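Student: Questions regarding the structure given below will be posed in turn.
Protein chains in written order, with the numbering used here: chain A, 13 to 390; chain B, 172 to 480.
Listed below in structure tokens is the structure:
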């Protein structure tokens with residue numbers, strides 16, 4: 013048996029050697045170079061895949077872009093030549109691979125194409141929408157993250173007592189609430205009844221873009237951001253609570269208690285430290301959820317952002333704009349996840365692949381052994 | 172009445188065979204100040220919980236489940252007392268209650284004196300870490316994300332520099348290199364981790380150490396060193412309560428042994444009494460004696476006897 017096992021191992025080993033990476037990659041610098049190269053390759057593949065899927069989806073969409081954008085009556089009264097011209101303009105007659113090929117070629121030269129619906133270059137259409145969307149999503153993201161973690165920890169510390177019941181109840185109700193419905197409720201209460209916030213848009217009506225103040229922008233941002241974050245809070249708070257309960261029941265927290273540490277001190281010293289990792293994972297994973305939620309929220313609040321542009325582009329068959337938005341959002345989510353991966357190593361020394369720490373360990377152990385032998389017997 | 176029990180300590184040295192406060196003494200046992208370092212009298216701990224056997228979930232009644240009852244144990248200065256009992260028999264619960272850590276649904280009765288002063292949950296909580304320290308079982312009791320040095324400093328009295336100096340002093344005494352303070356727990360070897368945990372316990376110069384299964388997972392040589400550290404601590408005038416399931420280990424290192432069975436200490440006596448079954452009083456201790464490897468591993472029907480007595 014063992015002979016056979018050894019033989020098997022002997023068979024496997026040379027294959028492993030062949031697969032082992034070149035020497036360059038075994039230095040600490042090489043390891044990070046490999047990491048960067050791998051991530052870049054992944055990023056490129058992701059963007060290619062997303063753009064292909066977006067193009068295919070536009071082509072199989074039952075919406076005829078010409079009819080959708082021109083209007084039923086105008087289309088019927090149109091001359092055959094005019095129709096032909098429009099089909100040419102929207103590209104709905106050309107096969108999908110040809111359109112993709114043309115788009116890909118252009119994008120390699122830095123040309124994002126022209127939005128057919130807005131009749132303007134895609135970057136010009138996206139830039140202001142991206143800015144207002146990022147403001148909305150970032151504030152919602154931070155708010156839900158901070159609030160969720162705080163509520164989760166409070167619930168875990170007062171586990172099974174009234175603060176926990178209250179927070180859990182709140183989270184269960186919100187987790188089962190549709191975002192758009194909550195947005196409508198907020199509009200009814202805060203915009204219509206109380207009149208504290210505007211009904212929609214990102215700027216006041218009738219004010220030129222150059223005259224909009226920061227305060228006005230924030231005033232318009234509050235309700236949509238609140239809607240987005242309030243739903244996100246439930247998810248993050250419940251996950252954080254679960255993890256915080258584990259941490260508070262851990263051996264090291266028990267040990268801290270036996271050493272006379274108070275609960276606030278334990279939460280600050282050990283709780284936050286050990287919750288940072290799962291919180292970060294959640295926070296970065298929630299980027300995509302916030303993105304998805306923002307499409308609905310922007311629709312409800314008539315907030316001109318990426319989400320609204322995506323809906324317009326999708327319904328109008330505006331392939332260049334839709335693909336650009338898809339690629340852009342994939343890039344943002346990717347960068348979020350990458351940031352989480354990199355920050356793991358910063359927070360958790362166990363994940364850090366540092367040779368130096370191994371060296372310290374060996375040295376420390378040798379020293380300890382030596383010192384142990386030299387210890388005088390009391 | 173309970174206090175009068177505590178104060179009848181006039182002769183500071185007792186005859187080893189004389190029973191006194193439910194226990195007999197070892198040569199090492201000292202009654203400094205005319206009292207025990209730690210004395211637990213008639214401790215009972217139980218939990219109220221929903222009947223897990225009730226099939227109708229919402230109609231389950233609350234039950235009272237006693238875990239520890241009528242438990243007496245004393246630790247003198249200068250000695251190691253080993254509590255020997257099966258795993259999962261409530262020994263750790265006893266350690267928790269000596270440190271004033273009670274679960275919310277626990278019901279506790281009995282008296283605990285520390286250094287001649289009667290304690291309650293709040294005063295025990297104030298003592299833990301500073302006067303009573305725990306040496307836990309495994310490395311999982313260290314925060315995996317905090318450098319070892321910071322963990323040893325802890326949050327006790329004294330300014331940061333004094334605590335750092337104390338940590339360096341302890342590391343030097345227990346053969347830990349100074350660089351170890353910069354390591355994370357996962358970078359420690361088993362032996363280093365054990366010494367770090369001991370340093371944590373000794374940080375605030377406690378009088379009483381409770382060691383909860385401190386040796387499993389250590390190789391025999393390291394275990395010997397670990398136990399020698401406890402011996403040193405006791406010889407310097409401290410008291411050690413060693414919680415273990417290993418009777419042989421207890422007999423080799425402790426001065427007195429308390430046999431823990433079915434939620435109480437059935438016999439608390441000096442190690443010397445284990446020389447022969449005739450110097451042991453309780454049938455369970457006698458059965459344990461017979462079950463020791465050097466006495467032929469004889470299993471005796473002890474539960475039947477207990478029911479009769």
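Think of the CB as a built atom: it goes at the ideal place given N, C-alpha and C, for glycine as much as any other residue.
Computed from a prediction, not measured in an experiment: that's the story for all the values here.
If you drop the 5 nearest sequence neighbours on each side, which residues of the same chain put their C-beta closer than 7 Å to that of residue 348 of chain A?
Tutor: So the qualifying residues of the chain are 296 and 299.
Student: Please list, in chain order, all residues of the same chain as residue 381 of chain B whose beta carbon is under 6 Å from its beta carbon, the five residues on each side excluded.
Tutor: 266, 305 and 412
Student: Please specify which runs of the beta strand (DSSP E), each continuous and at least 3 residues long, are wholly inside the region 292-358 of chain B, giving them in chain order.
Tutor: The region 292-358 of chain B contains these whole beta strand (DSSP E) runs: 303-306.
Student: Please report the straight-line C-alpha distance between residue 208 of chain B and residue 442 of chain B, rounded to a whole angstrom.
Tutor: 19 Å
Student: Is the CB-CB distance between residue 148 of chain A and residue 198 of chain A below 8 Å?
Tutor: no
Student: Name the chain A residues that come within less than 9 Å of residue 299 of chain B, Cβ to Cβ?
Tutor: In chain order: 269, 270, 271 and 272.
Student: Using a Cβ cut-off of 8 Å (strictly closer), state whether residue 286 of chain A contacts chain B.
Tutor: yes
Student: Can you pull the chain A neighbours of residue 311 of chain B, defined as C-beta to C-beta under 8 Å?
Tutor: 262, 263 and 264
Student: Below 6 Å CB to CB, which residues in the same chain sit around residue 339 of chain A once its five sequence neighbours on both sides are set aside?
Tutor: 59, 62 and 63
Student: In this structure, does DSSP put residue 248 of chain B in helix, strand or coil?
Tutor: strand
Student: Go ahead and label residue 226 of chain B buried or exposed: buried means 16 or more other beta carbons lie within 10 angstroms of its beta carbon, across all protein chains shown.
Tutor: Here residue 226 of chain B is exposed: its Cβ has fewer than 16 other Cβ atoms, across all protein chains shown, within 10 Å.
Student: For residue 284 of chain B, which option in B:245, B:351, B:297 and B:320 has the closest C-alpha, if you only look at C-alpha atoms?
Tutor: B:245
Student: What number of angstroms, rounded off, separates the C-alpha of residue 296 of chain B from the C-alpha of residue 272 of chain B?
Tutor: Their Cα atoms are separated by approximately 7 Å.
Student: Please name the residue or residues paired with residue 438 of chain B in a DSSP beta bridge.
Tutor: Paired residue(s): B:430.
Student: Output yes or no for whether 8 Å exceeds the beta carbon distance between residue 260 of chain B and residue 445 of chain B.
Tutor: no
Student: Inspect the CB distances between the region 445-463 of chain B and the region 418-430 of chain B and report whether three or more fall short of 8 Å.
Tutor: yes
Student: Hey, could you find the ends of the beta strand (DSSP E) residue 383 of chain B is sitting in?
Tutor: 379-383
Student: Closer than 8 Å is the cut-off here; do at least three beta carbon pairs connect the region 119-136 of chain A with the region 252-260 of chain A?
Tutor: no
Student: May I ask you to list the residues that DSSP assigns as paired with residue 127 of chain A?
Tutor: A:132
Student: What does a CB cutoff of less than 8 Å around residue 141 of chain A pick up in its chain, not counting 5 residues either side in sequence?
Tutor: Closer than 8 Å at the Cβ level, and outside the excluded window around residue 141 of chain A, lie 316, 317, 318, 320 and 321.
Student: Taking the straight line between their C-alpha atoms, what separation do you get for residue 369 of chain B and residue 362 of chain B?
Tutor: 11 Å
Student: Under 8 Å by Cβ, that's how I've got residue 232 of chain A and residue 214 of chain A pegged, so tell me the actual separation to the nearest angstrom.
Tutor: Indeed, because the Cβ distance is near 5 Å, the residues count as touching under 8 Å.
Student: Could you tell me whether the Cβ atoms of residue 316 of chain B and residue 286 of chain A are closer together than 8 Å?
Tutor: yes
Student: Could you tell me the alpha carbon to alpha carbon distance between residue 460 of chain B and residue 426 of chain B, rounded to whole angstroms?
Tutor: 17 Å
Student: Under 7 Å, CB to CB, which of the residues in the region 161-182 of chain A have a partner in chain B?
Tutor: none
Student: Rounded to whole angstroms, what's the CA-CA distance from residue 263 of chain A to residue 45 of chain A? Just pull it up for me.
Tutor: Going by the C-alpha atoms only, they are around 38 Å apart.
Student: Exposed or buried, which one is residue 174 of chain A when buried takes at least 16 other CB atoms within 10 Å?
Tutor: exposed
Student: What residue range is occupied by the uninterrupted beta strand (DSSP E) comprising residue 73 of chain A?
Tutor: From DSSP, residue 73 of chain A is part of no beta strand (DSSP E); its letter is neither H nor E.
Student: Would you check if the distance between the CB atom of residue 239 of chain B and the CB atom of residue 256 of chain B is smaller than 8 Å?
Tutor: Not closer than 8 Å, so no.
Student: Put residue 466 of chain B into one of helix, strand or coil per three-state DSSP.
Tutor: helix
Student: Using the beta-carbon of each residue, which ones in chain A are nearer than 7 Å to residue 370 of chain B?
Tutor: Result: empty, since nearest Cβ-Cβ is about 12 Å, beyond 7 Å.
Student: Identify each residue in the region 355-368 of chain B for which the Cβ-Cβ distance to at least one residue of chain A is less than 9 Å, and report them in chain order.
Tutor: 355, 356, 357, 358, 359, 360, 362, 363, 366 and 368
Student: Mind checking if residue 253 of chain A is an interface residue toward chain B, Cβ cutoff 8 Å exclusive?
Tutor: no
Student: Which residue comes first and which comes last in the alpha helix (DSSP H) that contains residue 314 of chain A?
Tutor: If you look at residue 314 of chain A, you'll find it isn't in any alpha helix (DSSP H); DSSP assigns it neither H nor E.
Student: With 16 as the cutoff for other CB atoms within 10 Å, does residue 258 of chain B come out buried or exposed?
Tutor: Its Cβ having fewer than 16 others within 10 Å, residue 258 of chain B is exposed.
Student: Check the Cβ-Cβ distances between residue 314 of chain B and every residue of chain A, and say whether any is below 8 Å.
Tutor: yes
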